[in-house]
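The structure appears right after this line, and notes come after that.
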Amino acid sequence: MNPLPFSSCGSIDHLHAWSRRRFLQGSALAGLGWLTPLSRQLVRSAEATGRRPKSVIVLWMEGGMSQLESFDPHPGSTIAYGAKAISTATKGIQFGAGLPLTAELANDFSVIRSVTSKEGDHSRATYNVKTGYRPFPNLVHPSIGSIICHSVPGPDGAVLDLPSLISILPGGFPARGGYLGARYDAFQTGDPVQPIPDVRPLATADRQQQRLDSLAVLEQTFSKGRLADLENERTLHRTSLERAQRLMSSEQLTAFDVSGVPKAERESFGDSPFGRGCLAAIRLIEAGVRCVEVTLRGWDTHIDNAEGQATQLALLDPALSALIRGLKARDLYDDTLLLVATEFGRTPKQNVAEGRDHWPHGFSVLLGGGGLRGGLAVGATDPGGEKQEPDRAVRVEDVHATILRRLGIDTSEELLTPIGRPIKVSEGRVIQELV
Amino acid sequence: MSFSLLRAFLRLSFLGAIVVVSGMLLWRHFDSGRPAPLPAVKPDPALSIAVAKVDAAFRASWSAAAVEPSPEADALTLARRLSLALTGAPPSLEEIRRLEALPEGADPVAAWLDHLFSDRRSADYLAERFARAFVGVETGPFLVYRRRRLVTWLADQIEVNRPYDEVVRDLVAAEGLWTTRPETNFLTVTVVEGGKEGPDEMKLAGRTARAFLGLSLDCMQCHDDMFGDRWKQADFHQLAAFFAPAELNLTGIHDDSKKSYETRYLGEKASVEVPPLVPYGRELMPRAGKPREQLAAWITHPGNTPFARAAVNRVWAVLFGKPLIDPVDNLPIEGPFPPGLEELAREFTVSGHDLRHLIRLIALSDPFRRASRSADPDKATTPEQEAAWAAFPLTPLRPEQVAGSVIQASTLPALDSDTHILQKLRRFGETRDFVKRYGDPGEEEFAGESGTIPQRLLLMNGKLVRERTEPNPIMNASTRLAKVAPSDETAVRAAFLASLTRHPEPAELGHFTGVLAGLKGKDRDEAFTDLCWTLINTTEFSWNR
Chain A
0 MNPLPFSSCG SIDHLHAWSR RRFLQGSALA GLGWLTPLSR QLVRSAEATG
50 RRPKSVIVLW MEGGMSQLES FDPHPGSTIA YGAKAISTAT KGIQFGAGLP
100 LTAELANDFS VIRSVTSKEG DHSRATYNVK TGYRPFPNLV HPSIGSIICH
150 SVPGPDGAVL DLPSLISILP GGFPARGGYL GARYDAFQTG DPVQPIPDVR
200 PLATADRQQQ RLDSLAVLEQ TFSKGRLADL ENERTLHRTS LERAQRLMSS
250 EQLTAFDVSG VPKAERESFG DSPFGRGCLA AIRLIEAGVR CVEVTLRGWD
300 THIDNAEGQA TQLALLDPAL SALIRGLKAR DLYDDTLLLV ATEFGRTPKQ
350 NVAEGRDHWP HGFSVLLGGG GLRGGLAVGA TDPGGEKQEP DRAVRVEDVH
400 ATILRRLGID TSEELLTPIG RPIKVSEGRV IQELV
Chain B
0 MSFSLLRAFL RLSFLGAIVV VSGMLLWRHF DSGRPAPLPA VKPDPALSIA
50 VAKVDAAFRA SWSAAAVEPS PEADALTLAR RLSLALTGAP PSLEEIRRLE
100 ALPEGADPVA AWLDHLFSDR RSADYLAERF ARAFVGVETG PFLVYRRRRL
150 VTWLADQIEV NRPYDEVVRD LVAAEGLWTT RPETNFLTVT VVEGGKEGPD
200 EMKLAGRTAR AFLGLSLDCM QCHDDMFGDR WKQADFHQLA AFFAPAELNL
250 TGIHDDSKKS YETRYLGEKA SVEVPPLVPY GRELMPRAGK PREQLAAWIT
300 HPGNTPFARA AVNRVWAVLF GKPLIDPVDN LPIEGPFPPG LEELAREFTV
350 SGHDLRHLIR LIALSDPFRR ASRSADPDKA TTPEQEAAWA AFPLTPLRPE
400 QVAGSVIQAS TLPALDSDTH ILQKLRRFGE TRDFVKRYGD PGEEEFAGES
450 GTIPQRLLLM NGKLVRERTE PNPIMNASTR LAKVAPSDET AVRAAFLASL
500 TRHPEPAELG HFTGVLAGLK GKDRDEAFTD LCWTLINTTE FSWNR
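Chains A and B, in that order, are what the protein sequence lines are.
Per numbering that gives the first Met the number 0, the first sequence starts with residue 0, numbered consecutively.
Per numbering that gives the first Met the number 0, the second sequence starts with residue 0, numbered consecutively.
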């Protein structure tokens, strides 16, 4: 076996961290594990300075939301192809005409119009934006929600039966725990009007009990003559079974169910699975869930971009605006960071099918809540569509660093993968305009 | 009116016929019907000698470390391990009856391997496992990448047991269209979507080193090796340079000898042209030929031991659920090597890179035959025994193996190449949905973990388990067992065999016959559903033992 760990790759930065890594390696061997005392102190001192957000909601626009029809319009230019823009609550900032309700709230969040990445394939780009790292062989990085669930301690006292990371309408690439372990994978659930999958027992209470009694007989046989602490050292079978049963009978499950919400409030999110997902997200955050991801699919408009994006924006606009209003009404907005993101943007120039193709060189994300500054538009793309590099380019990892730092997580901290390879929580820099 | 009556009558008769036929088939399992015997295994003295060498290496290491090997696993356990590894599902009840009919003294491993190799499903399953190493699980670039074609091509090669070195040479050096020459997908998967450039040399260099040589050179893309002086940044880029001529156009992948490869090394100001050079063993590379052909010949040269070691480590991992050297694609080039690896690598090379020979060799060897428990039920096995392969390691099954187990356990005959297409399609859809919810570690094939809550929920309450265990006399084994088995005891025994590939222990048998005693009709059907649910929800069901 290899006696030494691998280097953390993907960036040159780690060359300078060599001595520090050796130190960390030593401390890991000494049993300190994931966090060094120094970093714990850093986290605590960060907590001491003001109110920190506790939760994150990620609205995931799967397929590649066009920046030009949403948060970065260039009305009147050739690359707009006739798309209109509207004024927003913030002076000097315009959004695409498909976002009238969201535009009214433009002071409550900021848009980054100059996010850049190097990934133009759906699966790779999704990985990139969800984890803050480009895909790397032999390693799966954790999604942002998984990092938060891992690094921010749970609230004192309260017991959360629900999973701490939930993906509603999970789409093709739900958030994963990666090297942090499958226990940080998102719990996946569908349209909140449907029952939550897999939480209702298949048999009556009597029969369920009979089944569990029988199970105990078999578990007894299996453990005989096998590893001494089979449960804790290897399988975690009983532990996960008990947690699963606790979830099945938990009253907190009602947070998923939006049917009891007054009709008017429900309808303000739009009559769509995504809208209902956003409503459920508020309820789950209120119940104490750390991170909720809601996916809206269908943005991959290689053909007839204008029509395709308009359809999607009509779903996004009511849901997003009602989500912000709902969080504010419950006094949760400062405690909850909101990210609206997509794997990449779309080409400034249309193709022959009047569609827009993949464009990772300058696309938009929205960041709000959590005490971040609102009413800003950071960065700018070329209105002529000629220049690839945007002004004030923001890297994908910078978005991550901004969110994680805001939650009080020390992003320079190195986490150890199961094979002892140290990797920074994030290699990005905080977007200073927002803090 | 009369026409629709006739139609209803025909439908009913059809259903009736299915029930009668399946009932009759099932009856055979309990009664006079003799299962078809497994074909006799031809003795292979060369194989026996090779196995003895591998065994000697392990036994020597066990006595040196004073580790006591666990007893030999029984035939059913060995068959379960092999079926899971080579088909992704445990043996069916029908197959188990055939195994039990083996003559006294016949080696169950040899017989079972012949049985599995004779069916296409083992080629299909192994192809998928290898494809994860060769091209990953990405959907890849639209239009120019056809993963399904590549996997089918791989399965075709495995089915005729084409030498592994030939397969790899095709992957590395192939030219042509990704549809008619499926092996070119090894290159096209790296094409950046929407990009104007051809295959990505750097991705190919990293992939080639990992998949075929068991070397993780990826970090050397940016800098020299920091944990030893073995690898330089140049090693990586010189390897990448072999792929530079490969171009993609409407007629597929073709080499343009004029294209060269440039890079800017760490700390340098300017880019330099990088020649194609292999990272070690340059004397093994042919002097003539196109660059990719030269590289392919070098990789697969019988003198290039890392090639054989990498294959051994991967096949070992498929069979055990855990590689000899972990992670599976990061082997040291100069050792030290664990016991058995060098012997296996040598044998694999001498056999002409015969994959089946390698699988037989590992499966027939002492470590694979170890039980995962000690002979004395009150004495636990130790992690040291597992680490030395003196006890079979307990590893979690992969998601598709768990799905395959649920589906196979509820279907009494084997789901093999003779299975009806509708049933195959149903299985395909069920497996895909299940794996998505269960969580697939993707390319990290052997990074399986302990149970998670969603996994438990899925097996306790999920759609697949419900549909495959609920009372249904046509589709599900639980009901058919309940209806046809001559006694409760026979039915319980059959359910254990179909789900866990073992007989119940006396305490277990007593428990379930007690539960079933006196039950009739619907209550009895439900009790059988409960029995199957219980078996599926054991630790044992979703772990390889």
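Just so you know, even glycine gets a beta-carbon here, dropped at the ideal spot from N, CA and C.
A quick note: this is a predicted structure, and the numbers were derived from the prediction, not measured.
Closer than 8 Å to chain B by CB, A:ALA243: Reading the first sequence from its first residue, position 244 is the one you call residue 243 of chain A. Yes, its Cβ sits closer than 8 Å to a Cβ of chain B.
Compare the beta carbon distance of B:ARG96 and B:LEU37 with 8 Å and say whether it is the shorter of the two. The residue given as residue 96 of chain B occupies position 97 in the second sequence. The residue given as residue 37 of chain B occupies position 38 in the second sequence. Their beta carbons are not under 8 Å apart, which means B:ARG96 does not touch B:LEU37 by this criterion.
From the DSSP secondary-structure annotation, give me the bridge partner or partners of B:THR151. Walking along the second sequence from the start, residue 151 of chain B turns up at place 152. The partner list for B:THR151 (beta bridge, DSSP) is empty, contrary to what the question assumes.
Mind checking who A:GLY344 pairs with in its DSSP beta bridge? Residue mapping note: residue 344 of chain A aligns to position 345 of the first sequence, counting from 1. A:TRP358.
How would you write the range of the alpha helix (DSSP H) that A:PRO163 sits in, first residue to last? Against the first sequence, residue 163 of chain A aligns to sequence position 164. Note that residue 163 of chain A corresponds to Ser in the displayed sequence, not to Pro. No alpha helix (DSSP H) contains A:SER163, which DSSP labels as neither H nor E.
Taking the CB atoms as reference points, tell me whether B:ALA309 and B:LEU330 lie closer together than 8 Å. Taking the second sequence and counting its residues from 1, the one referred to as residue 309 of chain B is at position 310. Taking the second sequence and counting its residues from 1, the one referred to as residue 330 of chain B is at position 331. A contact, by the Cβ cut-off of 8 Å.
Which residue's Cα is closest to the Cα of B:GLN293: B:PHE241, B:LYS257, B:PRO305 and B:THR183? Residue 293 of chain B sits at position 294 when you count from the first residue of the second sequence. Checking every option, the nearest Cα to that of B:GLN293 belongs to B:PHE241.
Looking only at DSSP bridge pairs, what is A:ILE323 linked to? Within the first sequence, numbered from 1, the residue matching residue 323 of chain A stands at position 324. Paired residue(s): none; A:ILE323 is not in a bridge.
Does chain A have any CB closer than 8 Å to the CB of B:THR451? As a position in the second sequence, residue 451 of chain B is number 452, starting the count at 1. At least one chain A Cβ lies under 8 Å of B:THR451.
Jot down the residue ranges of each uninterrupted beta strand (DSSP E) in the region 228–283 of chain B, minimum 3 residues, whole runs only, in chain order. Here the runs fully enclosed are 245–248, 251–254, 260–262 and 271–273.
Can you give the Cα-Cα distance for A:ILE422 and B:ILE473, rounded to whole angstroms? Mapped onto the first sequence, residue 422 of chain A falls at position 423. Mapped onto the second sequence, residue 473 of chain B falls at position 474. Computed Cα separation, rounded: 53 Å.
Starting from the beta carbon of B:VAL191, find every residue of chain A whose beta carbon is closer than 8 Å, and list them in chain order. Mapped onto the second sequence, residue 191 of chain B falls at position 192. Those are GLY119 and ASP120, listed as they occur along chain A.
Can you tell me whether B:VAL166 is helix, strand or coil according to DSSP? For the purposes of this step, residue 166 of chain B is taken as the residue at position 167 of the second sequence. Here B:VAL166 carries a helix assignment [DSSP, helix/strand/coil].
Would you kindly check if the distance between the Cβ of B:LEU238 and the Cβ of B:ALA204 is under 8 Å? Taking the first residue of the second sequence as position 1, residue 204 of chain B is located at position 205. Taking the first residue of the second sequence as position 1, residue 238 of chain B is located at position 239. Contact flag set, yes.
Any beta carbon of chain B sitting closer than 8 Å to that of A:PRO213? Taking the first sequence and counting its residues from 1, the one referred to as residue 213 of chain A is at position 214. Per the sequence shown, residue 213 of chain A should be read as Ser rather than Pro. Nearest CB-CB separation between A:SER213 and chain B: below the 8 Å threshold.
Hey, out of A:PHE108, A:LEU104, A:PRO74 and A:ARG133, whose CA is closest to A:LYS117's CA? Residue numbering aside, residue 117 of chain A sits at position 118 when the first sequence is read from its first letter. Nearest option by C-alpha distance: A:ARG133.
Going by C-alpha distance, which of B:LEU125, B:ALA72, B:PRO366 and B:GLY251 is nearest B:ALA51? Here the question's residue 51 of chain B lines up with position 52 in the second sequence. Taking the Cα of B:ALA51 as reference, the smallest distance to any Cα among B:LEU125, B:ALA72, B:PRO366 and B:GLY251 is reached at B:PRO366.
Any idea what DSSP makes of B:GLY175, helix, strand or coil? Taking the second sequence and counting its residues from 1, one reaches residue 175 of chain B at position 176. Three-state DSSP puts B:GLY175 in a strand.
Three-pair Cβ contact test at 8 Å for the region 217–227 of chain B versus the region 169–183 of chain B: no
Keeping to the same chain, check which residues put their C-beta closer than 8 Å to that of A:THR401; ignore five residues upstream and five downstream. Translated into positions along the first sequence, residue 401 of chain A becomes position 402. Excluding sequence neighbours, A:THR401 sits near LEU366, LEU371, GLY427, VAL429, ILE430, LEU433 and VAL434.
So what does DSSP say about A:PRO74, is it helix, strand or coil? Your numbering for residue 74 of chain A matches position 75 in the first sequence. Three-state result, A:PRO74: coil.
Between B:THR187 and chain A, is there a C-beta pair that is closer than 8 Å? What you label residue 187 of chain B is simply residue 188 of the second sequence in a count that begins at 1. No, no contact with chain A.
Cα-Cα separation, A:LEU3 to B:LEU212: Taking the first residue of the first sequence as position 1, residue 3 of chain A is located at position 4. Taking the first residue of the second sequence as position 1, residue 212 of chain B is located at position 213. At A:LEU3 the pLDDT is 31, less than 50, meaning the model places this residue with poor confidence and gives no usable figure here.
Should A:SER320 and A:LEU100 be called a contact, given that it needs their Cβ atoms to be closer than 8 Å? For the purposes of this step, residue 320 of chain A is identified with residue 321 of the first sequence, where counting begins at 1. For the purposes of this step, residue 100 of chain A is identified with residue 101 of the first sequence, where counting begins at 1. Contact: yes.
How many angstroms separate the CA atom of A:ARG420 from the CA atom of B:GLY334? The sequence position of residue 420 of chain A within the first sequence is 421, counting from 1. The sequence position of residue 334 of chain B within the second sequence is 335, counting from 1. Each residue's CA atom was taken as its position, placing A:ARG420 and B:GLY334 some 21 Å apart.
Taking B:GLU93 as the reference, give the member of B:ALA210, B:ALA59, B:ALA78 and B:ALA105 with the closest Cα. Position 94 of the second sequence, counted from the start, is the residue given in the question as residue 93 of chain B. Of the candidates B:ALA210, B:ALA59, B:ALA78 and B:ALA105, the one whose C-alpha sits nearest the C-alpha of B:GLU93 is B:ALA78.
Cα-Cα, which of B:LEU515, B:GLU539 and B:GLN400 is closest to B:ASP529? On the second sequence, residue 529 of chain B is found 530 positions in, with the first residue counted as 1. It is B:LEU515.
What in chain B is Cβ-close to A:ARG210, meaning under 8 Å? Walking along the first sequence from the start, residue 210 of chain A turns up at place 211. Those are ASP529, TRP532, THR533 and ASN536, listed as they occur along chain B.
How close, in whole Å, do the beta carbons of B:ILE358 and B:VAL314 come, if the pair is a contact with beta carbons under 8 Å? The residue labelled residue 358 of chain B in the question sits at position 359 within the second sequence. The residue labelled residue 314 of chain B in the question sits at position 315 within the second sequence. Contact holds; Cβ gap of about 6 Å.
Should B:GLU140 be flagged as near chain A, meaning a C-beta pair shorter than 8 Å? Walking along the second sequence from the start, residue 140 of chain B turns up at place 141. It is worth fixing the name first, because residue 140 of chain B is Pro in this sequence and not Glu. So, interface residue.
Taking the straight line between their C-alpha atoms, what separation do you get for B:ASP169 and A:VAL139? Position 170 of the second sequence, counting from 1, holds the residue named residue 169 of chain B. Position 140 of the first sequence, counting from 1, holds the residue named residue 139 of chain A. If I take the Cα positions, the gap works out to 29 Å.
Using alpha carbons as the reference points, say which of B:ASN536, B:SER416 and B:ASP118 lies closest to B:ASN160. Residue numbering aside, residue 160 of chain B sits at position 161 when the second sequence is read from its first letter. Ranking the options by Cα distance to B:ASN160, first place goes to B:ASP118.
DSSP puts A:PHE108 in a beta bridge; with which residues? Indexing the first sequence from 1 puts residue 108 of chain A at position 109. Beta-bridge annotation (DSSP): A:PHE108 is paired with A:GLY367.
Cα-Cα separation, A:LEU37 to A:ASP390: Here the question's residue 37 of chain A lines up with position 38 in the first sequence. Here the question's residue 390 of chain A lines up with position 391 in the first sequence. Low local confidence applies: a pLDDT of 39 at A:LEU37 is under 50, so the model's placement there is unreliable, with the coordinate-based value given in what follows. Between A:LEU37 and A:ASP390, the C-alpha separation is close to 37 Å.
Can you have a look at A:PRO439 and say buried or exposed, based on whether 16 or more other CB atoms are within 10 angstroms of its CB? Residue 439 of chain A lies beyond the stretch modelled for chain A, which goes from 0 to 434, so this question has no answer here.
Please state whether DSSP places B:ILE157 in a helix, a strand or coil. Taking the first residue of the second sequence as 1, we reach residue 157 of chain B at position 158. In the structure shown, B:ILE157 sits in a helix (DSSP, three-state: H, G or I).
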